[in-house]
Ligand code: AHR
């Protein structure tokens, strides 16, 4: 099986916004309590943050982290999570039907973000709350001093404002499961008025309006059109959320999931640009793909969780090798749209549908999906080059013309490195990839990293890591041509300089 890819520095799509390697920490399950924070853990620092977990987050080089939800934010009172801990109330979290102890709140999260070198992407509650509470929160976080909420922050021990730049106007407000679910008209109105007021408090912020919760929502894409009709001038981004799964054990079909992601992104771009034309606007709305991942393993088992417990093991999907391939192809798809997708958050980061897992009181470890995310985040910064790919194709249950090869290349001007990310979707056959690199001049292959496994269902555990990258056989480019074999069902990172 053969495929061809032509790489040319002239075919620039855009410079990658590093925020596409963002992630997400929600108050759900063991993401916060027993995840990033576990004061009695031997590796916790004096603030209670697990340093083994912080190390793994730093390894992923996550530049932005969305917080505190998710569905959770739609019933959240942020005031419960600030000030003296002994006076913070425990509350029922209606989104996940658990009890929220409020030991961690906005200030602690901001401290943790500093530890891991990330900025925060803060969501406001537009489910049960509205303009006033959003304004109070941004005043508390971003105003320096001399007002009620900013002085309250100072009295809580945070002299300097947090200066949070990126804010989400609610979460998944199109979903009936959302506490405070709204029609597009209702959401568009509250979103624009909240946006206007928040910008009066801090004109330097960027705002994300809620788009659809997934591509199959019955209200998609009219939801985006109506929302933007109201909010176009007041927001900077519209969000997309999407999770894929393989409940029918149809791997060929599952591996094609990124085709839906690609179609979803294109449709949202078209809707934004339709509204741009309609409004005779010069402004372009960009995309924030602020929840994406594989999620399906725990959908049934989570029904057994006892209601109102504190930090139960919710949504702890154990990822397989094939899940990592889907995550890899989703990363390539995000990169291909680097001109419009400026923020993306792998949902989530720790324990809950996460690349990083922890044992309470014990180890932390890497799931299979850790690796494609790590590679893209570390090597996928620079200028995305439009991939010219010729690949054989297949049809699956839900998709036609699925290319066996999914690939993209990123050029990093500072180091002159070029990295090719490639997934071979073929389940039985290696793919011989011919790369035409003639326009790049003299290049050498630094390394070819491969994530492959004979068992598509292989998983990493706390004790063993069968799914981890290995180096492929030595290959070199000759006369501007590189022939490299991509093993059956594999994620590949080919680094050139
Ligand atoms: O990431 C888990 C949940 O998925 C989030 O809370 C919600 O926004 C989405 O439905």
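Residue numbers (full-length UniProt numbering): 5 to 501. By construction, the Cβ of each residue, glycine as well, lies at the ideal position given by its N, Cα and C atoms. Computed from a predicted model, the values in this text were never measured in an experiment.
For this session: Give the straight-line distance between the Cα atoms of residue 125 and residue 485, rounded to the nearest whole angstrom.
Result: 43 Å
Exercise. With distances taken between CB atoms, is the gap from residue 183 to residue 332 smaller than 7 Å?
Worked result: At the C-beta level, residue 183 and residue 332 stay beyond 7 Å of one another.
Problem set entry | Segment limits, beta strand (DSSP E) that includes residue 119 | First-last for residue 119: 110 to 120, but that is the alpha helix (DSSP H), not the beta strand (DSSP E).
Exercise. In terms of alpha-carbon separation, which member of 491, 66, 466 and 330 lies closest to residue 474?
Worked result: For the set 491, 66, 466 and 330, the Cα lying nearest the Cα of residue 474 is the one of 491.
Exercise. When DSSP builds the beta bridges, which residues end up paired with residue 407?
Worked result: Per DSSP, 397.
Problem set entry | residue 333 - DSSP class collapsed to helix/strand/coil | helix
Exercise. Got a sec: does the ligand AHR put a non-hydrogen atom nearer than 6 Å to the Cβ of residue 220?
Worked result: Outside the cutoff, so no.
Exercise. Can the beta-carbon of residue 205 be found closer than 7 Å to that of residue 248?
Worked result: A distance of 7 Å or more separates the beta carbons of residue 205 and residue 248.
Exercise. Who are the near neighbours of residue 77 in its chain, counting only those whose CB is closer than 6 Å to its CB and skipping five residues on each side?
Worked result: 127, 129 and 175
Exercise. Would you call the segment 428 to 444 and the segment 346 to 358 in contact, with 3 or more CB pairs under 8 Å?
Worked result: no
Problem set entry | Helix, strand or coil at residue 231 according to DSSP, with G and I counted as helix | helix
For this session: Closer than 7 Å by C-beta to residue 264: which residues in its own chain qualify, once you throw out the five before and the five after it? Chain order, please.
Result: 219
Exercise. Straight-line CA distance for residue 251 to residue 86?
Worked result: 41 Å
For this session: Taking residue 145 as part of the alpha helix (DSSP H), name the residues at either end of that continuous run.
Result: 135 to 146
Exercise. Under 7 Å between the Cβ atoms of residue 471 and residue 462?
Worked result: yes
Problem set entry | Beta-carbon contacts of residue 268 that lie in its chain and below 7 Å, excluding the five residues immediately before and after | 219, 244 and 246
Exercise. Under a Cβ-count criterion, where at least 16 other Cβ atoms within 10 Å of its own Cβ denotes burial, should residue 27 be classed as buried or exposed?
Worked result: When all chains shown are included, residue 27 counts as buried.
Problem set entry | Identity of the residue in 449, 36, 242 and 278 nearest residue 420 by Cα | Closest option to residue 420, Cα to Cα, is 449.
Exercise. What is the DSSP secondary structure of residue 236, reduced to helix, strand or coil?
Worked result: Looking at residue 236 - three-state DSSP - the assignment turns out to be coil, as it is neither helix nor strand.
Problem set entry | Local Cβ density within 10 Å of residue 54, reported as buried at 16 or more and exposed below that | buried
Problem set entry | Separation of residue 59 from residue 392, as counted between CA atoms | 37 Å
For this session: Might you give, ordered along the chain, the residues of its own chain that have their beta carbon closer than 6 Å to the beta carbon of residue 374, omitting 5 neighbours on each side?
Result: 359
Exercise. Is residue 47 helix, strand or coil when you go by DSSP?
Worked result: coil
Exercise. Roughly how many angstroms lie between the CA atoms of residue 399 and residue 330, to the nearest whole one?
Worked result: 17 Å
Exercise. Is the beta carbon of residue 447 less than 7 Å from the beta carbon of residue 481?
Worked result: Yes, Cβ-Cβ distance for residue 447 and residue 481 is below 7 Å.
Exercise. Who are residue 422's beta bridge partners in DSSP?
Worked result: Listed as beta-bridge partners of residue 422 by DSSP are 415 and 500.
Exercise. Taking three-plus beta-carbon pairs below 8 Å as touching, is the segment 107 to 119 in contact with the segment 81 to 95?
Worked result: yes
Exercise. From residue 291 to residue 343, what does the alpha carbon distance come to, in whole angstroms?
Worked result: 9 Å
Exercise. Where does residue 318 land, buried or exposed, given buried means 16+ other C-beta within 10 angstroms?
Worked result: Residue burial annotation: residue 318 is buried, with at least 16 other C-beta atoms found within 10 angstroms of its C-beta.
Problem set entry | Residues of its chain near residue 394, where Cβ-Cβ distance is below 7 Å and the 5 sequence neighbours each way are ignored | 7 and 8
Exercise. In terms of residue numbering, what span does the beta strand (DSSP E) encompassing residue 272 cover?
Worked result: Here residue 272 belongs to no beta strand (DSSP E); instead the alpha helix (DSSP H) covers 261 to 282.
Problem set entry | Stretch-stretch touch, CB-based, cutoff 8 Å, three pairs: the segment 89 to 104 with the segment 40 to 56 | no
Exercise. Quick one: Cα of residue 256 to Cα of residue 407, how far?
Worked result: 11 Å
Exercise. Taking 6 Å as the cut-off, does the CB of residue 175 come closer than this to any heavy atom belonging to the ligand AHR?
Worked result: Placement of the Cβ of residue 175 at a distance of less than 6 Å from at least one heavy atom of the ligand AHR is found.
Problem set entry | Rounded C-alpha distance that separates residue 497 from residue 415 | A straight-line Cα-Cα distance of about 13 Å links residue 497 and residue 415.
For this session: Give every residue of the same chain whose Cβ lies closer than 6 Å to the Cβ of residue 142, excluding the five residues on either side of it in the sequence, and list them in chain order.
Result: 202, 205 and 206
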